[in-house]
Structures are given as C-alpha cells and as structure tokens.
Amino acid sequence: MKYHKVVFQPGNVLVEAADGSTLKEVMNEAGLEFDFLCGGRGTCGKCRVKVSKGLTTPVTREQEILQVKELDEGIRLACLTAVHNDLIVELPNQNKLKHNILIAASERTSKIEPLLLKVPIEVDKPSRETQSSDWRRLIESLVRQGYKESELETTVSILRQMPDVIRGANNRITAVMYQSKVAGIEPQDSEKSMLGMAFDIGTTTIVGYLLDLYTGKELSVVSTLNPQTVFGADVISRLTFASHEENGLTKLQRAVVEAINKLIDEAAQKASVLRNDIYAISIAANTCMHHIFLGINPQSIAVSPYVPALSEPLALDASELEISINQAGKVFMLPNIAGFVGADTIAVLLTTELDQSEDIKLVIDIGTNGEIALGSREKIVACSAAAGPAFEGAQISSGMRGAAGAIDHVYYRDKLEYSVIGGGKPLGICGSALLDAVAGLVELGILNKRGKILAFDQLTNPAAQRFKENLVQFEGQGAFLLAEAGITGHGRPIMITQSDIRELQMAKGAMAAGVRVLMETYGIQAQDIKEVLLAGAFGNYLNPHSACVIGLIPPELESKIRMIGNAAGTGSKLALLSSSEFRRTKDIAEAVKFVELGSYPRFNSIFGECTYFKIQ
C-alpha cells in the first residue's frame, strides 16, 4: 500500500494517508473535529477545505457544487477529495466553529434518593473459634445494617479484592451498594464522597452534568458535538451506517463512548474532583442513540412494526460499557417508548410532569428527529416526526449549525437586519434564522402559499417593495439575498434559495402534521391545549412568532408557548438523583401511547396540507 503525507493547517498536523483515501477519512482517523453534515455523501457541499499544495483535479460533483473561482483557489470538498500525492490542506479557522450548545434547563426539584448507597461497616475480625470466611463476615456486617442475608450478592471481581481491602483497612471498610448487591468495597469510611453524571445524548450534541449525589448540587456542566456527526447528520444516516458499513456499529459506539469519557474527564477537572469519585451515570437519548451507545443494532426501529430491541430501564455495570468511572460505577439507562420516541422524550416528560397535569399540554422537542407528546394525567399520546436536518443547517445552501458566525435571527425593518452569533462577518445561516427569514417573506407576501418566491412585479404588499434588491436569481430560480459576498466571512453570498424553502416546508410540514395527528388521535382542537412547551436547543433559540407564521406550530397557540430549555437533561438529572424518579420513568413509558405517523390513515394528506403557508 502506497502512503502520502498530508499536513493539515492550522496546527501543522501531519498524517500518513493511504493512497486513495478521502480527506474525510484521513481527518477522522487523525481525530480532527470537522462537521460533515450529510455524513460525507457529497450532497451538502459544506465540508470545504483549501488544498494549498498538491492540488487535485476536482471530481464532477465538486464542479457542480463549487464555483469556478473557488475551484481555481484550491477549494475542495473533503468527503470527495481522494489523496494520491502529498498535500497541504487548510481547514477553516476552528475557533470560528465553536457551537452554541444548550445546557440551561427549566429546573424542578425532587427528593434526593441516591440509586447507590455507601455503607460504612466494620467487619468482624476472624478467629480460630468461628472460622467464618471474609464474605460471611461481610454479609453479617451488612445484615446488622438492615440488609436481608438471602438477598445479598456480589461479583467475582469484588470477591477477589475483598481479602486485601479488609485486611489493609484493619476491617473498617465501606460497601458500595446497589439495592442488595455489593457493587464495590473501599477501605475505611469513604461515605462522604459520591458523585454522578447525568447525560443527554442528542443526535447533534451531548451534554453532561456533574452532580453531588447526596446534595443534588451541580458541580460542573460540559458539552460537545456528538462525534457521530462525521458518519451522518441525522439518525437515519447513522442507522444506515450502523447496519450496512463494515464495523459501522462498532465505530459509532466507540465514538460516543470516547466522547462520554472525555466529558467525564473535563467535568471532573472543572470541579477539581477525581473521576474515581463518580459512581453513577444516567443516560437519556433517542432510541437510535440509545441502542448505538449500548452497541445494539438499531435497524429494527426503522422498519415496521418499528420495535426497539429494548424499551425497559436498565442498570448496567459501567465497566461493561467501558465508561471510565469508579469500578463500582453503574450506568442507568432511561426507558424508550417505541419507534424513534426514546428515553430523551421520557426525560422531557419526567421534567414537565405531563403525566400529572390537570391540563392538556403539548410538548415539542424540535430537531432532526422531532418528538411530540400531547396529553395530561388522563392519557398521553406521542409520535416522532422525521423533520430531517434542515433545522440544523444541512441541505440548506448557506446553512450551518448554530455556531459562531451563523446568522441566528433576521429582522425585516426599514431595511433587512440580522444578528450573528459571536458577532463579526456572517458565515452562514442556522435554523432559527431560516425560520425568521421565511416567516418574514410569508408576512410580506413575497412567498405564495406553495412557497414559491414571487417576482418583484407580482408583489402587492407595499412593504415588500423595500426589499427589491434582495430578490435575486440563483441557478435559474428566485432567491432572497441576506448578505452580499463582499460582507461575508468567506466571500460567498448568503441567501435563501427556492430549494431551501422547499427543505423547510418538508421539515415544518412533518412537525405540524405530527401535531395535527396527535390532536385528532386525542380528539381535541388546538384551543383545548392550555400550554405549549418547547424543549431542546432549536426550540429554545427560535422565535415563537416565526414558528407560528410558517405553520410549524398552530398560530392560535402562539401566546401559550413557553421555552423549557434542555428538559431532557433535567429529566436525566432527576432520574440520577432519585431512585423514585428513575422507577417512575418506567411508569411513564408504559402510559404513553405511541402513534406511528406513517401508518395513520390520513397522514399523507395532512402532511401535504401542512407544507403550505397561510397567506393573509
């Protein structure tokens, strides 16, 4: 096999690359963080890099996506560019790619009841008279603490440690207990220190909260992009990768486990504690992410009857999952519901206490795979809507994630205005700005109900005429210019194209159809809903008015919308801190009725209606 030297700048990272491998493969192998929004399929055109030495001939797809000027400057797509000689590759300034990851949440309190307990005990010293084994004497000590002898058990690894620990600590030890199981033994009295971490593993981001399991105090919060994004931006692409790529599932699982372990290290360092003080981990994730984390093929979720491999809550040994915490540590998996409605939805429902509400409420977590729940203490129905990656910026011509440089909000005033995350020159447009931009075009009458951008001479609203210069042509179709090439950070114009609007219509149509189907299933009208709770990053950054104008959320509910932050993270924390709350997740999962949208008799017609805009 022939190898070539590839140097990535900035950073002067040298990689020996096999002949014929793509730059994407080389970057992944080198551990270079980079967004491949379409999973490296060559469809989004976002993985632009500059080949400053060893310039290659562009493939046909690059010639279709990139401008002639870009190609002449050495701009290439990392997922399509193969290595056949030594290269120097310039990556975008990574400092500009810091993402806004939602970590704040609407908090609620609960009685602290640790899932694990530390029990200081004094093991009787052996004598010639009794000849009791170490394990027998340890059992007797725990029985004196109220445990039932017939229920006590342990593992071989604990039995192997036991003689040295007991004698080295002069018979004074601490037993780490999970229910009636001795999960660990430690010398002396270590009861005062026991920490845990609650995780929300999202399709795009992972957030972790380091907590004191005795007081519930939050010691630090950490977050990162889900490294699985290099294999695909949405759950379907990752499901496909897991099922059809050689060692695909293993690669996906390894990526998320490594990310979790890095976050544990980071959280411990921020709080000035040891990772060995962490004894429990809770995991809230959608069904696909849940299965991949456990190394279970998620293929069954995507085909009828959409049944997950497991939906029950689990308590697993952290070591079995290669999670690097205390050797007595446990991982607590929140339960799934069905299809793509997973443990993250359970965590949101635990946070909002929808199962105890007197009023009917609508809970929406908007993302690449949007989850929707509707109900009260009487009953709850839920579904997932395949919104696709449009809200995350993928498949949008100037789209990007909510990172520094992204336009995040658009305002139609005397002239077009916008805000940019982090300030400075814009690099693209994220989902919240896409909603604002299209909502404004709807209100101005620049779009018709089918989403077509009208020509200037077709506009009837006088207010729309001040944006005449923004109406441009792009690839033979109408487009709306947000920022000219001269004022952007990369020298390319930022616009909303006709294709972008279509992508948004499909995404918002899926979510809106999900809401309609749940209302029909429940037998209510929009006015019967007392409150709309928006969870998740996108739901908390969007402008509710824009969401209602485009029909993502029924317009009559605009005044009832409340943002609740990372409610999945809050639910994960509740389940970690309270054994009662963790047990309750099972009851919630069993109480929710899952509605499969694809099987709903009128879904296609409802979806078609929901892709339209309501023009005043």
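Each residue of the sequence shown is one higher than the one before, counting from 1 in full-length UniProt numbering. Idealized CB from N, CA, C, for every residue including glycine. Please read these numbers as outputs of a predicted model, since none were measured by experiment.
Q. Cβ-heavy atom distance between A30 and the ligand NAD below 7 angstroms?
A. This structure does not include the ligand NAD; it has no bound ligands of any sort.
Q: Take the Cβ of E371 as the centre, count every other Cβ of all protein chains shown within 10 Å, and call the residue buried at 16 or more, exposed below.
A: With 16 or more other Cβ atoms within 10 Å, it is buried.
Q: Identify the continuous beta strand (DSSP E) that holds Y541 and give its terminal residues.
A: From DSSP, Y541 is part of no beta strand (DSSP E) but of the alpha helix (DSSP H) over 537-541.
Q: Quick one: using the 10 Å Cβ neighbour count with 16 as the cut-off for buried, is I588 buried or exposed?
A: The residue is buried, with at least 16 neighbouring Cβ atoms inside 10 Å.
Q. Should the stretch 406-423 be regarded as contacting the stretch 377-387, the criterion being three or more beta carbon pairs within less than 8 angstroms?
A. With a cut-off of 8 angstroms, the stretch 377-387 and the stretch 406-423 do not count as touching, because too few Cβ pairs lie within range.
Q | Range of the contiguous beta strand (DSSP E) that encloses E371 | A | Residue range 370-375 is occupied by the beta strand (DSSP E) that includes E371.
Q) In terms of residue numbering, what span does the beta strand (DSSP E) encompassing L482 cover? A) That run of the beta strand (DSSP E) goes 477-483.
Q: Give the straight-line distance between the Cα atoms of G202 and R41, rounded to the nearest whole angstrom.
A: For G202 and R41, the distance between alpha carbons rounds to 22 angstroms.
Q) Does DSSP put S319 in a helix, a strand or coil? A) In the three-state DSSP reduction, S319 falls in the helix class (H, G or I).
Q | Limits of the alpha helix (DSSP H) - the one that G569 falls within | A | First-last of the alpha helix (DSSP H) with G569: 567-577.
Q | Exposed unless 16 or more other CB atoms sit within 10 angstroms - verdict on Q253 | A | Residue environment analysis places Q253 among the buried positions, since at least 16 neighbouring C-beta atoms fall within 10 angstroms of its C-beta.
Q: Indicate the three-state DSSP secondary structure (helix, strand or coil) for M177 in the structure shown.
A: Of the three classes helix, strand and coil, the one that applies to M177 here is strand, per DSSP.
Q. Where Q327 and A318 are concerned, what is the direct C-alpha to C-alpha distance, given to the nearest angstrom?
A. The alpha-carbon of Q327 is positioned some 8 angstroms away from that of A318.
**Q.** Alpha-carbon spacing of R167 relative to E581, whole angstroms
**A.** Using only the alpha carbons, I get a separation of about 38 angstroms.
Q. For G598, does the count of other Cβ atoms within 10 angstroms reach 16, so buried, or fall short, so exposed?
A. Label assigned to G598: exposed.
Q) Start and end of the alpha helix (DSSP H) containing L294? A) Start and end: 287-294.
Q: Report back the beta-carbon spacing between G329 and Y279 to the nearest angstrom; my notes put them in contact at under 8 angstroms.
A: Between Y279 and G329 the Cβ distance is about 5 angstroms, and since that is below 8 angstroms, they are a contact.
Q) Where DSSP assigns a beta bridge to I453, which residues make up the other side? A) For I453, which the question treats as bridged, DSSP gives the partners L447.
Q. What's the call for K125, buried or exposed, on a 16-neighbour Cβ count within 10 Å?
A. Around the beta carbon of K125, fewer than 16 other beta carbons lie within 10 angstroms, which makes this residue exposed.
Q. Are K270 and V348 close, meaning C-beta to C-beta below 8 angstroms?
A. In this structure, K270 sits away from V348, with a CB-CB distance that is not shorter than 8 angstroms.
Q.
In this structure, how does DSSP classify V273 when only helix, strand and coil are distinguished?
A. DSSP places V273 in coil when its eight states are reduced to three.
Q. Leaving out the 5 sequence neighbours to the left and right, which residues in its chain are closer than 6 angstroms to S282 when beta-carbon positions are compared?
A. For S282, where only same-chain residues beyond five positions count, the Cβ hits under 6 angstroms are A198, F332, S572, A575, L576.
Q) With 16 as the cutoff for other CB atoms within 10 Å, does V307 come out buried or exposed? A) The residue in question, V307, is exposed, as its Cβ has fewer than 16 Cβ neighbours within 10 Å.
Q: Classify Q188 as buried or exposed, calling it buried when 16 or more other Cβ atoms lie within 10 Å of its own Cβ.
A: Its Cβ having fewer than 16 others within 10 Å, Q188 is exposed.
Q: Consult DSSP for S398 and reduce its assignment to one of helix, strand or coil.
A: The answer is coil: DSSP assigns S398 none of H, G, I, E or B.
Q.
Using a Cβ-Cβ cutoff of less than 6 angstroms, which residues in the same chain neighbour I606 once the five nearest sequence positions on both sides are dropped?
A. Correct list, in chain order: A513, R516.
Q. Apart from the five residues just before and just after V592, which ones in its own chain have a Cβ nearer than 6 angstroms to its Cβ?
A. Result list for V592: I337, I380, A382, in chain order.
Q. Closest to A404 by CA distance: which of G489, G451, V410 is it?
A. Ranking the options by Cα distance to A404, first place goes to G489.
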